[in-house]
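Presented below is the structure to which this report refers.
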Amino acid sequence: MRLAWPARASLVLLALVLVLALAGPALSPWHAEQLDWQRMAVPPGLDAGHWLGTDRLGRDLFVRTLAGVRVSLAIAGLATVVSLVLGVGYGAIAGYAGGRVDALMMRAVDVFYSLPYVFFVILLTVVLERRPATVFVAIGAVGWLTMARVVRGEARRLREREFIEAAVAAGVPAPAILWRHVVPNLAGPVLVYATLTVPALILLESFLSFLGLGVQEPAASLGNLLAQGAQEMESAPWMLLVPCSFLVATVLALGFLGEGLRDALDPHEH
Amino acid sequence: MTALAALESLVVEFRGAGRSLRALDGVSLEIAAGESLGVVGESGSGKSTLARALLGLTRPDGGRALYRGADLATLAGDARRRLRRELAIVFQNPAASFDPRRTIGESVGEPLTVHAPALGRAARAAEVAALLERTGLDPALAARRPHELSGGQCQRAAIARAMITRPELVVCDEAVSALDVSVQAQIVNLLLELGRERTLAYLFISHNLAVVRRIASRVLVLYRGRVVEVAPRAALFATPRHPYTRLLLDSVPAFAGPSPAALRVPPETASPFERARGCVFAGRCPHAEARCRERAPALEAVAPGHAVACLRWREGVAAPGA
Amino acid sequence: MRSTRMSTEPPLLAIEALTIAFAGAGGETRAVEAVSLALGRGRSLGLVGESGAGKSQLALAVPGLTPRGARVAGSIRFDGEELIGAPAATLRRLRGARIGTVFQDPAAALAPHLTIGTQLGEVLAAHALGRGRAARRAALAMLERVRVPDAAARLGQYPHELSGGLKQRVMLAIALIGRPALVVADEPTTALDVTVEAGILELLAELVRAEGTALLLVSHDLAVVAGLCDEIAVLYAGRVVEQGPARAVLAAPAHPYTAGLLAARLTLDSPLDAPVPAIPGGAPGAGPRPPGCGFAPRCRRAQARCRAAPPPLAAQGAARVACYLPLAAGEAP
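Residue numbers (this note's numbering), protein chains in the order written: chain G, 79 to 348; chain E, 91 to 412; chain U, 410 to 742.
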């Protein structure tokens with residue numbers, strides 16, 4: 079598979095971010111929730127190992143941001159996997175079945191789509207209380223919808239192809255056709271879309287946490303780090319810039335990777 | 091004797107955006123075991139719909155599709171599975187009829203996973219290899235993907251897949267039309283050999299009269315969803331009775347150039363969404379009269395096995411140069 | 410009937426040692442290999458071959474429609490002008506006005522979002538042959554010339570409203586409206602129903618005859634070429650294997666491939682009791698080809714020297730054949 083250079087560079091960058099997120103904290107003497115009373119709101123420097131500075135409460139920003147990256151990636155990654163399983167399954171069945179089943183299933187998706195999202199999350203938070211699981215459900219509930227739509231479109235197109243007709247004519251039952259023929263041939267577009275879903279979900283999580291509906295203090299996520307950083311923007315700009323840079327870099331890299339995958343896979347198919 | 095497969099006044103309509111199209115408008119035909127029936131038709135004749143209706147892949151809107159005397163619409167479970175085992179189809183586009191993500195071996199062997207699930211993987215692979223060889227392919231090709239094979243090789247594999255369940259009837263839907271002339275010849279020979287060896291019945295659909303003539307012993311001519319003529323091979327080619335059949339014969343490209351008789355007949359101008367009240371061919375027929383446009387002619391017997399749907403067939407309207 | 414004596418004036422189209430090659434995973438594929446052909450003014454040449462023979466690539470190289478990334482070597486001279494490597498402006502000037510192209514699939518070649526009238530007008534406008542009212546008149550006249558019924562109404566219609574045959578007539582109109590000296594037709598009737606085919610072929614024949622237009626016709630159907638062309642060139646694996654007056658070549662083919670192709674063709678008179686005489690094996694695929702004659706792997710008469718070096722085109726009666734062991738008249742391949 080020939081990936082364009084932006085996609086390859088992005089892959090390298092993402093790998094770096096991941097390694098940093100996992101191994102980085104080991105390099106620093108500080109922990110994510112450790113308070114350094116002597117050095118509160120200190121700008122980045124080599125002083126006492128606070129390479130990217132500290133926040134209002136003296137917590138090391140380097141370690142804390144990496145913790146935030148871990149949380150955000152974990153939530154977005156897991157939610158993407160769920161949206162893959164749910165979205166592909168739902169969309170493939172709807173697209174292949176066609177007719178009334180398809181119409182019903184996709185109307186349900188339309189209804190979900192039209193729900194006012196923030197109200198929905200607030201409701202969810204009230205019901206499930208503020209836990210990491212809540213954030214995860216809130217994001218997962220939305221992530222699979224677009225995947226389902228994309229997959230349903232592809233499945234509908236696939237249904238018309240002759241090799242599917244050949245399988246039907248041979249008497250292969252519908253579930254087997256779906257599993258053996260439809261889903262594998264969806265892999266291309268699905269992979270691409272999944273890669274583009276991850277950054278979307280990271281941003282969604284950041285948005286929720288920024289609003290205070292997502293990951294709660296003292297846990298760190300890119301979103302609540304951004305929220306705090308935004309408050310201190312004038313006096314301690316690094317508190318915003320550090321998590322922001324990580325967020326932008328990760329999202330951009332995933333975006334380029336997704337595009338590169340799409341370009342590499344699509345022409346092959348046709 | 092009950093025919094192996096039959097269509098009784100079959101009607102298939104496609105509806106959409108407020109209009110409807112009658113792909114098949116009251117088509118009847120019969121195929122006996124071991125017989126080769128050719129269906130000749132151009133685009134818009136309904137030939138592909140006919141193939142699918144015979145296989146039970148399309149639900150009729152009128153009339154019945156029968157297999158061994160049973161209505162396909164009523165079949166379920168074991169009976170339906172038996173239908174799928176005994177009927178097979180070979181499509182026009184060789185590579186498109188294979189899943190691009192699976193190997194040829196997997197695709198050719200797939201019908202066995204449904205109809206002979208007890209066979210282990212090894213036994214299945216052996217069957218696949220045997221059939222690939224029989225259709226003139228190197229068994230090693232079973233490990234390849236469709237895009238690695240040529241059109242001719244893919245079509246041979248498609249035939250192998252069709253034959254692997256030992257069917258009684260094989261529908262060939264323009265099976266050689268997308269192939270080069272030299273490959274067509276090879277595939278035609280292969281189909282004829284297999285037909286003889288396994289006493290197969292064929293429904294051979296094609297717009298190419300010369301190919302149909304070689305394979306089929308009886309020929310049915312379809313135009314805009316209706317049967318206009320059906321006859322044993324010799325009779326159809328020597329003494330056709332329908333002006334459309336004559337037009338088809340005249341239109342076959344000849345070394346001497348386009349036939350003047352063919353050139354006299356204008357192309358079809360009616361929309362496929364309009365259902366002809368009278369004869370389907372009246373809009374083009376050089377012999378059409380007022381009554382042809384009023385009344386749709388029923389199939390009339392000309393001779394044993396030879397029927398034509400034309401009000402004027404007795405007047406020699408299908409004679410050469412008429 | 411036009412005489413077949415060699416014309417003394419320079420040919421309208423002179424192709425010299427043309428090679429078109431594509432890079433691929435397994436190496437270079439030579440779609441066209443060192444082909445030389447000539448076409449005189451007002452004459453017609455049919456390129457015949459099966460898929461992969463290179464006939465479409467060869468023909469479409471003339472209006473400069475070779476796909477990007479292909480390696481092109483050799484020379485194509487049209488009316489004295491060299492086309493290979495010519496600047497885009499030259500090709501643009503020639504296309505439509507002096508070289509018309511008819512494509513295989515009219516549904517794909519006609520722009521779906523423009524009316525017929527607009528598309529005809531585009532050609533005229535591009536070559537300053539008329540605008541506005543004059544263009545509309547010319548377009549109408551051309552549609553009538555190609556016998557499109559109800560021409561005035563058709564000008565305002567979109568391609569999807571027309572049948573396949575009508576679309577192809579429109580394509581002929583677009584190709585000929587600039588009154589080109591040469592028309593390149595790539596399988597013009599392959600996508601059409603057989604009862605419509607005759608009409609299109611006859612129309613094409615009549616139009617080129619009336620205007621004295623030269624015709625380069627590509628087809629896999631020998632009969633189509635025979636009915637329409639003075640000369641025929643049979644291609645196999647990118648090379649010309651036989652070339653000469655169409656009737657002569659088809660009546661007494663000298664190359665085993667031509668003979669094999671003729672024998673494999675099913676006609677309404679083919680015998681019903683014997684297997685169809687097929688050429689064994691298959692056409693060569695992509696990638697580098699073995700040295701020697703391209704047809705040798707499938708030829709019953711092949712000898713060592715056939716596999717060593719490709720035979721040159723040599724005169725054989727009225728035709729030219731690339732074969733070390735050409736067939737005598739009436740000999741079976």
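Note that CB positions come from ideal geometry on N, CA and C, so glycine has one too.
- Taking CB atoms only, His205(E) has no neighbour in chain U less than 7 Å away.
- Boundaries for Gln513(U): no alpha helix (DSSP H) harbours it, and the DSSP string shows neither H nor E there.
- Among the CB atoms of chain G, none fall inside 7 Å of the CB of Ala185(E).
- Nearest CB-CB separation between Pro253(G) and chain E: not below the 7 Å threshold.
- Given a length threshold of 4 residues, each whole run of the alpha helix (DSSP H) inside the segment 475–509 of chain U is given here in chain order: 497–503.
- Taking a 10 Å sphere around the C-beta of Phe334(G), we find 16 or more other C-beta atoms and assign the residue as buried.
- Closer than 8 Å at the C-beta level to chain E, one finds these residues of the segment 658–675 of chain U: Leu659, Gly669, Leu670, Ala673, Arg674, Leu675.
- Listed along chain G is no residue with a C-beta nearer than 8 Å to that of Ile295(E); the closest approach is about 14 Å.
- Proximity of chain G to Arg171(E) at the Cβ level (cut-off 8 Å) is accounted for by Gly249, in chain order.
- For Arg367(E), no pairing in a beta bridge is given by DSSP.
- When DSSP states are grouped into helix, strand and coil, Leu227(E) belongs to the coil group.
- CA-to-CA, the gap between Gln294(G) and Leu209(E) works out to about 58 Å.
- Annotation: the continuous beta strand (DSSP E) that includes His396(E) extends over 396–398.
- By the rule that beta-carbons nearer than 7 Å mark a contact, Leu736(U) does not touch chain E.
- Not a single CB atom of chain G sits nearer than 7 Å to the CB of Ile277(E).
- Residue contact check for Asn263(G) against chain E: a CB pair falls below 7 Å.
- Every beta strand (DSSP E) of 3 residues or more that sits fully in the segment 294–347 of chain E is shown, in chain order, as 308–313, 316–322.
- Residue range 713–717 is occupied by the alpha helix (DSSP H) that includes Cys715(U).
- If you look at Ser118(E), you'll find it isn't in any alpha helix (DSSP H); it sits in the beta strand (DSSP E) that goes 109–121.
- Contact note: Arg174(E) reaches chain G through Ala247, Ala248, Gly249, using a C-beta cutoff of 8 Å and chain order.
- Close to Glu238(G), with beta-carbon spacing below 8 Å, lies no residue of chain E; the smallest spacing is near 10 Å.
- The beta-bridge partner set that DSSP reports for Asp263(E) consists of Ile295(E).
- Closest by C-alpha distance to Arg374(E), out of Leu165(E), Phe363(E), Thr335(E), is Thr335(E).
- Beyond the five residues adjoining it in sequence on each side, His536(U) comes within less than 7 Å, by CB distance, of Gly505, Ala506, Gly587 in the same chain, given in chain order.
- Look at the segment 556–569 of chain U: the residues with a C-beta under 8 Å from a C-beta of chain E are Pro558.
- Its chain contains Asp125, Ala126, His128, Thr132, Gly136 as the residues whose beta carbon lies nearer than 8 Å to that of Arg117(G), once the 5 sequence neighbours on both sides are disregarded; these appear in chain order.
- Bridge pairing for Asp595(U): Val627(U) [DSSP].
- For Ala520(U), the closest C-alpha among the options Ala672(U), Lys576(U), Val685(U), Leu610(U) is that of Lys576(U).
- Among the residues of the segment 503–518 of chain U, none has a Cβ less than 9 Å away from any Cβ of chain E.
- Residue contact with chain G for Phe181(E): present (Cβ-Cβ distance below 7 Å to some residue of chain G).
- Interface annotation for the segment 586–619 of chain U against chain E: Asp602, Val603, Thr604, Val605, Glu606, Ala607, Gly608, Leu610, Glu611, Ala614, criterion Cβ-Cβ distance under 8 Å.
- The beta carbons of Leu162(E) and Gly136(E) sit about 17 Å from each other, so the pair does not count as a contact at 8 Å.
- With respect to chain E, the C-beta atom of Ala175(G) has no partner C-beta closer than 7 Å.
- Among the residues facing chain G, Leu145(E) is included, as its CB has a counterpart in that chain under 7 Å away.
- By the criterion of a C-beta distance shorter than 7 Å, Ala468(U) is surrounded in its chain by Leu456, Val593, Asp595, Leu625, Val627, once the five residues flanking it on both sides are discounted.
- The residues His332, Pro387, in chain order, have a CB closer than 6 Å to that of Cys400(E) in the same chain once the five nearest residues on each side in sequence are set aside.
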